[in-house]
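**Q** Quick note, the sequence shown lines up with residues -13 to 299 if you use my numbering.
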Amino acid sequence: MTAEQIGADTTGLHAPEALESSETHQAAPETRTDGTGQLILGGTPIGNLQDASERLRAALASADIIAVEDTRKLRTLAAGLGVHTSGRVLVNHDHNEEARSAQLVEAVAAGQHVLLLSDAGMPTISDPGYVAASAVAQANLPVTVIPGPSAALTALALSGLPTGRFTFEGFLARKGSERSRRLRSLADEERTMIFYESPHRTAATLADFAQAFGSERRAVVCRELTKLHEEVIRGSLADLVAWVEETQIRGEIVLVVEGAPAPEAPEAEDVLSQVLARVEAGERLKSACAAVAAESGVSKRDLYEAALAARNS
Ligand code: SAM
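1. Could you pull out every unbroken beta strand (DSSP E) segment of at least 3 residues lying fully inside the segment 52 to 80, listed in chain order?
2. Report the CB separation of Leu102 from Gly28 in whole angstroms; it is logged as a contact under 8 Å.
3. Does DSSP put His186 in a helix, a strand or coil?
4. Any heavy atom of the ligand SAM closer than 8 Å to the CB of Ala159?
5. Can you find at least 3 beta carbon pairs, one from the segment 121 to 134 and one from the segment 67 to 82, that sit closer than 8 Å?
6. CA-CA distance, Ser7 and Arg43?
7. Any chance the segment 177 to 184 sits against the segment 243 to 252, with 3 or more Cβ pairs inside 8 Å?
8. Candidates Leu67, Leu90, Gly33 and Val131: which alpha carbon is nearest Val75's?
9. Using 8 Å for Cβ pairs, my map puts Ala106 next to Thr30. What's the rounded Cβ distance?
10. Is Leu192 near the ligand SAM, going by C-beta to nearest heavy atom under 8 Å?
11. Looking only at its own chain, which residues have a Cβ that is under 6 Å from the Cβ of Glu183, when we skip the five neighbours before and after it?
12. Tell whether a beta-carbon distance below 9 Å holds between Ala49 and Ser87.
13. Could you give the residue range of the beta strand (DSSP E) that holds Arg204?
14. Thinking C-beta only, is Ala196 closer than 9 Å to Ala224?
15. With a Cβ-Cβ cutoff of 9 Å, do Val257 and Leu289 count as a contact?
16. Could you give the DSSP three-state label for Arg151: helix, strand or coil?
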């Protein structure tokens, strides 16, 4: 590939008109005209090859280095996409990521384009990539991303549960105090929660959810997303526990759980009468307001003004 070709569109990244603006051109970290290296975090399909982006194909074809968890998965991906890769392939997984990241930083510093992939989905999301991304960023070198599917967001969108605020919990610890502590800490979590789970642990995890969050809490099992046997099962945790007992569950699983209901706002009259009772018992108005505001979550100032008005009425 010539420098000119590379400079024009290394990873299929920008529409030609965007490149016409010299300002945009300079800002585009993917272009190689200045010999700048970069780490590219590449999202790959989570089951359906057709979800691979054009940018991913182009990056696979042009990267100087491709860092992967498993070289066989890379071969399958490239063959499936009909892409010829010529970059040097390096293995980057949970067990060598620390050591490997130094080598990747050096490569980026030397002007190389390093494409980092995980086996499926977005690197860094319950997958390797974070250590390298963080090391390259720390070295003040460019990191960019080719977004692709991630099972977490795919499941959240499909779940039908509130998407406005959510928390990604990844894999729970399999057992022990770490698992129970995490479940306890999530009992009052108001945001929708997303968990990854293996099929053979799904029954135990749903049962633990029912215990920690209450069996009436709504939840969704998302199985084999984007694949032929994609399946989404919605119900209360009690329903899902009953369902999983009857099912030989297979494939890849994401569990999405509704958040806890927000605590009800206290009645204004109740909090006011608490303040007045404290004052009656000899406490100063300001300190009574501060104490009741802290307990009830209402504004101290509003409470003080309401108490003054009540006292003067
Ligand atoms: N980096 C990936 C991502 O962005 O989604 C996640 C990798 S993590 C090691 C693998 C877990 O993701 C699986 O055990 C499962 O919980 C979830 N997962 C991945 N692909 C999935 C799919 N097609 N359907 C359902 N869950 C999936």
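The beta carbon of each residue, even a glycine, is placed where N, CA and C say it ideally should be.
**A** In short, the structure shows the following:
1. 74 to 77
2. 7 Å
3. helix
4. no
5. no
6. Here the model assigns Ser7 a pLDDT of 38, short of 50, so the residue's position is not dependable and the matter cannot be decided.
7. yes
8. Leu90
9. 6 Å
10. no
11. Thr191, Ile239 and Leu241
12. no
13. Arg204 to Arg209
14. yes
15. yes
16. coil
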